[in-house]
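Q: Respectively, the protein sequence lines represent chains W and V.
Last residue of the first sequence: number 122 in our numbering, and the count goes up by one each step with no gaps.
Last residue of the second sequence: number 112 in our numbering, and the count goes up by one each step with no gaps.
Glycine included, each C-beta is placed from N, C-alpha and C at the ideal position.
One structure, pasted below without further comment.
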Amino acid sequence: EVLLVESGGGLVQPGGSLRLSCAASGFTFSDYYMDWVRQAPGKGLEWVGHARNKANSYTTRYAASVKGRFIISRDDSKNSLYLQMDSLKTEDTAVYFCVRSVGTYYYGMDVWGQGTTVTVSS
Amino acid sequence: DIVMTQSPLSLPVTPGESASISCRSSQSLLQSSGYNYLDWYVQRPGQSPQLLIYLASNRASGVPDRVSGSGSGTDFTLRISRVEAEDVGVYYCMQPLQTPWTFGPGTRVEIK
Numbered sequence: 001e002v003l004l005v006e007s008g009g010g011l012v013q014p015g016g017s018l019r020l021s022c023a024a025s026g027f028t029f030s031d032y033y034m035d036w037v038r039q040a041p042g043k044g045l046e047w048v049g050h051a052r053n054k055a056n057s058y059t060t061r062y063a064a065s066v067k068g069r070f071i072i073s074r075d076d077s078k079n080s081l082y083l084q085m086d087s088l089k090t091e092d093t094a095v096y097f098c099v100r101s102v103g104t105y106y107y108g109m110d111v112w113g114q115g116t117t118v119t120v121s122s
Numbered sequence: 001d002i003v004m005t006q007s008p009l010s011l012p013v014t015p016g017e018s019a020s021i022s023c024r025s026s027q028s029l030l031q032s033s034g035y036n037y038l039d040w041y042v043q044r045p046g047q048s049p050q051l052l053i054y055l056a057s058n059r060a061s062g063v064p065d066r067v068s069g070s071g072s073g074t075d076f077t078l079r080i081s082r083v084e085a086e087d088v089g090v091y092y093c094m095q096p097l098q099t100p101w102t103f104g105p106g107t108r109v110e111i112k
C-alpha cells in the first residue's frame, strides 16, 4: 500500500521553529518529486514547495510566502521528506500535507498524507 | 505567478443531475509537449484532498467515468454527471506547469 504519514506538528510561538517529517512507504521514494501543501483553517489549498528527485538534482522550489524561512529536504535512504520551518508567523497556522507528485512522467499529485497541524500562537 | 480562478464558488446540485465547474488560468497551461498542465482535486469533508483529473482530461485511478475534465489553454471544465451524495466537497483546480504551483480558490459542491 502506498502511504505517506506526516508528523511533527504542534503549537509554537511566533518567531519559533518546527520540523515536520513525512514517512513514505509502498513506492520507490527516490523516483518522485515530493511536495508540501498547506491549508489554513477554513481556507483553500496552498502549495508550499517541493524537493525534486535525484534525476533532477534534488533541487527545491518554494512559494514566495515561505521562501527564506522554510527549507524542504529529503533523505532517500530513509524514504523521508522534511519541512524545516523557521521564523514562524501566525499566518503559517495550517494543516500541512505531504504529497507525491512528479515521477518519470506527471500523473498528478496522486498520493496525499493525512496532514499534520501546525499552530503558531502566543 | 499563474493565477487560477474558478466559478461558481458554490454549487448546489440535485442528486442525479449534472454539475459543471469552470477554471481559468492567467496564462496558457498548454506545454510544448501538447499536454495542458491542469489538475482537479476534491476535498471531501474531513478528508485529505484527492486527485480526480490530471493533465486536464485524464482520470486518476479509481475515479468513476461520470467525472470528466476538458479544456485547453486557459479555460477548463470539470463535469460531474449523475451527481451522488458522495460528490459533496470542495473542488480545486491547480496548475503544475510552473512554480509556484497554484490552486484555484475552490468550488463548494453541496446537495440540494
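#1: Cβ of V/Y91 less than 7 Å from any chain W Cβ?
#2: Comparing alpha-carbon positions, which option in W/Q13, W/S7, W/Y33, W/G16 lies nearest W/V99?
#3: Can you list, in chain order, the residues of its chain whose CB lies under 7 Å from that of V/V13, leaving out five sequence neighbours each side?
#4: Would you kindly work out how many angstroms separate the C-alpha atoms of V/G89 and V/P64, rounded to a whole number?
#5: Quick one: grab the DSSP three-state call for W/F27.
#6: For the beta strand (DSSP E) that contains W/W36, what are its first and last residues?
#7: Quick one: Cα of W/L88 to Cα of W/Q39, how far?
#8: Assuming V/G106 and V/Y91 are in contact, meaning their beta carbons sit under 8 Å apart, how far apart are those beta carbons, in whole angstroms?
#9: Measuring CA to CA, which of V/P15, V/Q43, V/G62 is closest to V/A85?
#10: Which one or two residues does DSSP pair with V/A85 in a beta bridge?
#11: Out of W/T28, W/V120, W/S25, state which residue places its alpha-carbon closest to the alpha-carbon of W/D86.
#12: Mind checking who W/S21 pairs with in its DSSP beta bridge?
#13: Is it the case that the segment 47 to 56 of chain V contacts the segment 100 to 114 of chain W, given that we only count it when at least three CB pairs across the two stretches are under 8 Å?
#14: Secondary structure at V/D39, three-state DSSP: helix, strand or coil?
#15: Roughly how many angstroms lie between the CA atoms of V/Q43 and V/Q50, to the nearest whole one?
#16: Using beta carbons (cut-off 7 Å, strictly below), is W/M109 in contact with chain V?
#17: Taking the straight line between their C-alpha atoms, what separation do you get for V/N36 and W/S122?
#18: Using a Cβ-Cβ cutoff of less than 8 Å, which residues in the same chain neighbour W/D76 once the five nearest sequence positions on both sides are dropped?
#19: Output, in sequence order along the chain, the residues in the segment 11 to 40 of chain W whose CB is closer than 9 Å to any CB in chain V.
#20: Could you check what DSSP says for W/E91 in three-state terms: helix, strand or coil?
#21: Ordered along the chain, which non-local residues of its own chain (more than five positions away) have a Cβ less than 6 Å from that of W/T60?
#22: Under DSSP, the beta strand (DSSP E) around V/V67 begins and ends at which residues?
A: A quick look at the data gives this:
#1: Taking the second sequence and counting its residues from 1, the one referred to as residue 91 of chain V is at position 91. For V/Y91, no CB of chain W lies under 7 Å from its own CB, so it is not counted at the interface with that chain.
#2: Taking the first sequence and counting its residues from 1, the one referred to as residue 99 of chain W is at position 99. Of W/Q13, W/S7, W/Y33, W/G16, the residue nearest in Cα terms is W/Y33.
#3: The residue labelled residue 13 of chain V in the question sits at position 13 within the second sequence. Excluding residues within five positions, the ones whose Cβ falls inside 7 Å are A19, V83, V109, I111, K112.
#4: If you number the second sequence from 1, residue 89 of chain V lands on position 89. If you number the second sequence from 1, residue 64 of chain V lands on position 64. Rounded to the nearest angstrom, the gap between the Cα atoms of V/G89 and V/P64 is 16 Å.
#5: Numbered from 1 along the first sequence, position 27 holds the residue referred to as residue 27 of chain W. Three-state result, W/F27: coil.
#6: Taking the first residue of the first sequence as position 1, residue 36 of chain W is located at position 36. Element bounds for W/W36: 34 to 39.
#7: By one-based count along the first sequence, residue 88 of chain W stands at place 88. By one-based count along the first sequence, residue 39 of chain W stands at place 39. Distance from the CA atom of W/L88 to the CA atom of W/Q39, rounded to whole angstroms, is 15 Å.
#8: Position 106 of the second sequence holds residue 106 of chain V. Position 91 of the second sequence holds residue 91 of chain V. With a Cβ gap of about 7 Å, V/G106 and V/Y91 count as contacting.
#9: In the second sequence, the residue the question calls residue 85 of chain V occupies position 85. Among V/P15, V/Q43, V/G62, the Cα nearest to that of V/A85 is on V/P15.
#10: As a first step, residue 85 of chain V must be located in the second sequence, where it is residue number 85. The partner list for V/A85 (beta bridge, DSSP) is empty, contrary to what the question assumes.
#11: Counted from its first residue, the first sequence places residue 86 of chain W at position 86. If we check each option's Cα against that of W/D86, W/V120 comes out closest.
#12: If you number the first sequence from 1, residue 21 of chain W lands on position 21. According to DSSP, which records beta bridges pairwise, W/S21 is partnered with W/S7, W/Y82.
#13: Between the segment 100 to 114 of chain W and the segment 47 to 56 of chain V, the count of C-beta pairs closer than 8 Å reaches three or more; the two stretches touch.
#14: On the second sequence, residue 39 of chain V is found 39 positions in, with the first residue counted as 1. Residue state, collapsed to three classes: strand.
#15: Here residue 43 of chain V refers to the residue found at position 43 of the second sequence. Here residue 50 of chain V refers to the residue found at position 50 of the second sequence. Looking at the two C-alpha atoms, the distance is approximately 6 Å.
#16: Position 109 of the first sequence, counted from the first residue, corresponds to residue 109 of chain W. For W/M109, the answer is yes, since a Cβ of chain V falls inside 7 Å of its Cβ.
#17: Numbered from its first residue, the second sequence carries residue 36 of chain V at position 36. Numbered from its first residue, the first sequence carries residue 122 of chain W at position 122. A direct Cα-Cα distance of roughly 44 Å separates V/N36 from W/S122.
#18: One-based indexing of the first sequence puts residue 76 of chain W at position 76. The beta carbon of W/D76 lies closer than 8 Å to those of F29, S30, K54 in the same chain, with the five residues before and after it left out.
#19: Here the close residues are D35, V37, Q39.
#20: The sequence position of residue 91 of chain W within the first sequence is 91, counting from 1. Three-state result, W/E91: helix.
#21: The residue you call residue 60 of chain W lines up with position 60 of the first sequence. Only A51, I72 meet the Cβ criterion.
#22: Locating residue 67 of chain V in the second sequence gives position 67, where the first residue counts as 1. 67 to 72 is the extent of the beta strand (DSSP E) around V/V67.
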